[in-house]
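Report on one structure; see the data block that follows.
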Amino acid sequence: TFTILQEQLMQVLGGLTNREADVIKARYGLTDGQPKTLDEIGKVHGVTRERIRQIESKTMSKLRHPSRSQSLRDYLD
């Protein structure tokens, strides 16, 4: 089940821009298991932590949209 969840999560993230996916993966530690701060992510991308916060917020709104999140709904209940 966990492997299926990982595959579906990566599929959902695949529908994002590279920057959006990178921010979400880093913020929630999806790559290395270590969540990163807004500052840490900002330094990697050469932008401010506020810009990273904006990207994260916009991306999470996208991910919450039913057309993108339907495949993950079973895991959220």
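The numbering used here puts the first residue of the sequence shown at 584, with every later residue one more than the last. We put the CB at the ideal spot given by N, CA and C, even for glycine.
- Boundaries cannot be given for LEU613, as no alpha helix (DSSP H) includes it and DSSP labels it neither H nor E.
- Between the alpha carbons of ASN601 and VAL627 lies a distance of about 13 angstroms.
- The alpha helix (DSSP H) runs lying completely inside the region 614-653 and spanning 4 residues or more are 621-628, 632-647 and 649-652, given in chain order.
- In this structure, DSSP gives LEU596 a helical state, which the three-state scheme calls helix.
- Of the candidates GLU603, GLN594, ARG632 and ILE624, GLU603 places its Cα closest to the Cα of SER644.
- Of the residues ASP622, SER650 and LEU592, the one whose Cα lies closest to the Cα of GLN637 is ASP622.
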